[in-house]
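Encoded as structure tokens, the structure appears first; notes follow it.
Residue numbers (the numbering used here): 7 to 216.
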């Protein structure tokens, strides 16, 4: 069972609608929301759907049409050249929205995990993707998510997963350095933690883990 208490009812409703739509059949839920639903450690407020389908094979215009048919209010990169994907805000009105990112990604290293009819990236996959964000700087919520996994994943294992998923861009020394450099993340908002954790403790724990 997923930890549905980590998202609001609107996000749950929209996520299930997207999961059942043909336009999103090759996409899976990734990022903090996927991890929160699996672990129950913090509140998450957006939907990130990624696909490793062949680049150029996704009809983003059809996705635009679907979203405009299903939601009263849609804003974002409608009709723009998709590049690696498109970003939207969807909802009933401009005051009650969910952020939705729909993007291509590198090839997944594991099959999708399906729980409660939600296609998700596995925790191993999310670890690799979170480490990739850290390699590029890292946000507070990424450190928060990785900290939740320290009891079950060593830093060495996290690095190995990143190397498997991103063999051509993997930079072990840069990641290790960024795991103890919190300057970029300091100004971020604190996630709504359901474990009673504090940012200062999280930083200390990473220092010890390294």
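Glycine included, every Cβ here is placed at the ideal spot set by N, Cα and C.
query: Across which residues does DSSP place residue 187 in a beta bridge pair?; result: Answer is none; residue 187 lacks a bridge partner.
query: Quick check on DSSP: helix, strand or coil for residue 203?; result: coil
query: What separation, rounded to the nearest whole angstrom, lies between the Cα atoms of residue 58 and residue 32?; result: 8 Å
query: Would you report the Cα separation of residue 127 and residue 162, rounded to the nearest angstrom?; result: 21 Å
query: Roughly how many angstroms lie between the CA atoms of residue 73 and residue 20, to the nearest whole one?; result: 10 Å
query: I need the straight-line Cα distance from residue 105 to residue 50, nearest angstrom please.; result: 11 Å
query: On the premise that residue 194 lies in contact with residue 146, defined as a C-beta separation below 8 Å, what is that separation, rounded to the nearest angstrom?; result: 4 Å
query: Out of 48, 27, 8, which has the shortest C-alpha to C-alpha gap to residue 150?; result: 48
query: If you drop the 5 nearest sequence neighbours on each side, which residues of the same chain put their C-beta closer than 7 Å to that of residue 84?; result: 70
query: Looking only at its own chain, which residues have a Cβ that is under 7 Å from the Cβ of residue 215, when we skip the five neighbours before and after it?; result: 156, 161
query: One question on the structure: do residue 118 and residue 34 come within less than 8 Å of each other, judged by their Cβ atoms?; result: yes
query: Jot down the residue ranges of each uninterrupted alpha helix (DSSP H) in the stretch 18-56, minimum 4 residues, whole runs only, in chain order.; result: 37-45
query: For residue 99, which residues does DSSP report across the bridge?; result: 102
query: For residue 92, does the three-state DSSP call read helix, strand or coil?; result: strand
query: My understanding is that residue 90 touches residue 110, with C-beta atoms under 8 Å, so please give their C-beta distance in whole angstroms.; result: 5 Å
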